[in-house]
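With the numbering used here as the guide, the letters of the sequence shown map in order to residues 15 to 273. Have a look at the structure below, then the notes.
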Amino acid sequence: MTTMVLAAGDEFVAPGVKDFFPPAIFGDVTKPMVLVVLSILIIGTFFLVASRGLKLIPGKFQFIAESVYDVGRNSIAREQIGSKDFKPFVPLLLTVFTFVLVNNLFGIIPFIQFPTMAHIGFPLAVSVLVIYPVYHFVGIKRHGFLGYLKHQTVPSGAPWFVLILLTPIEFFQKFFLNPLTLAIRVFAAMFAGHLLLMVFTLAGEFLLLNGGITVVVAPIAFAFAIALTFLEALIMVLQAYIFALLSANYIGAALAEEH
């Protein structure tokens, strides 16, 4: 948590947007920046260690790594892109999945307690600078520029008078809205979830330290905070999965023969 006790006299001051912007650690380097670098080191070390001395009958560590890889390869890439085209995109989608997952889980790790994806710039960077150019590039490579433009904006079988309205909508959605909604989805979930955790945790602390009858109510706030932590952990995993799944879906749609 960025703040331990938010109280002004006898009043509880609820956490807000300001608490998602911790002061710089040194220079212009902030906690979210450090966490992004840390996540890369964690993911790289995890797979490097897990892939050393691979055995036919895996140990626990190798089993976890293979399970994560199976999710990225089969449940995400293969299901959304298709068995014919999915293999080149497995490393990208596995990296995106694990990167978002680790940065989400930072929000419930003691002493860190900050989900990096609660800063809109990070999911937006992954979406706009990585996923967006990849799926448009592979689509243009397969269909040609004009063919891909038609493929994305002109649904097959639609009458011409419908296309007059539908084509601009499809163009706006595929080339502007999709990368934004991909980023906003995970950002909103992480921001709202972390804010709720801060509210109940700090409220419980305030009630406990304020004395009087409020001490009796404090355990209820802490109980809600604990329950929300488990719920938030589930949401963190789901949001990472959905982010990678939608990324694969965009790539699969770009490569598909029909709209």
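Just so it is clear, CB atoms sit at the ideal spot from N, CA and C, and this is done for glycine as well. Because the structure is a prediction, the values reported are computed rather than measured.
Pairing L49 with T109 gives a Cβ-Cβ distance that is not under 7 Å. The C-beta distance from A203 to I134 rounds to 12 Å, too long to meet the 8 Å contact threshold. Where P147 is concerned, the enclosing alpha helix (DSSP H) starts and stops at Y146 to H157. For the 7 Å CB-CB criterion, I240 and F103 do not form a contact. Close CB contacts of L107 within its chain, under the 7 Å cut and outside five residues either way in sequence, are with G86, I90, A91, A258, S261 and A262 (chain order). Within the model, the alpha-carbon separation for I122 versus F151 is close to 37 Å. Here N118 is not near A237, since their CB atoms are 7 Å or more apart. Rounded to the nearest angstrom, the gap between the Cα atoms of M47 and F244 is 26 Å. The continuous alpha helix (DSSP H) containing D84 extends over residues K74 to D84. In this structure, the CA atom of I126 is about 34 Å from the CA atom of Q94. Look at F35 here: in three-state DSSP terms it is coil, with no helix or strand label. In the DSSP assignment, S261 falls within the unbroken alpha helix (DSSP H) covering T228 to L269. Within the DSSP bridge table, the entry for V43 names F40 as partners.
In this structure, T112 lies near I57, with their beta-carbon atoms less than 7 Å apart.
Taking C-alpha positions only, A268 is separated from V200 by approximately 22 Å.
Around A64, the same chain offers F75, Q76 and A79 as residues with beta carbons nearer than 6 Å, after the five sequence neighbours per side are excluded. For A203, the uninterrupted alpha helix (DSSP H) segment begins and ends at N192 to N224.
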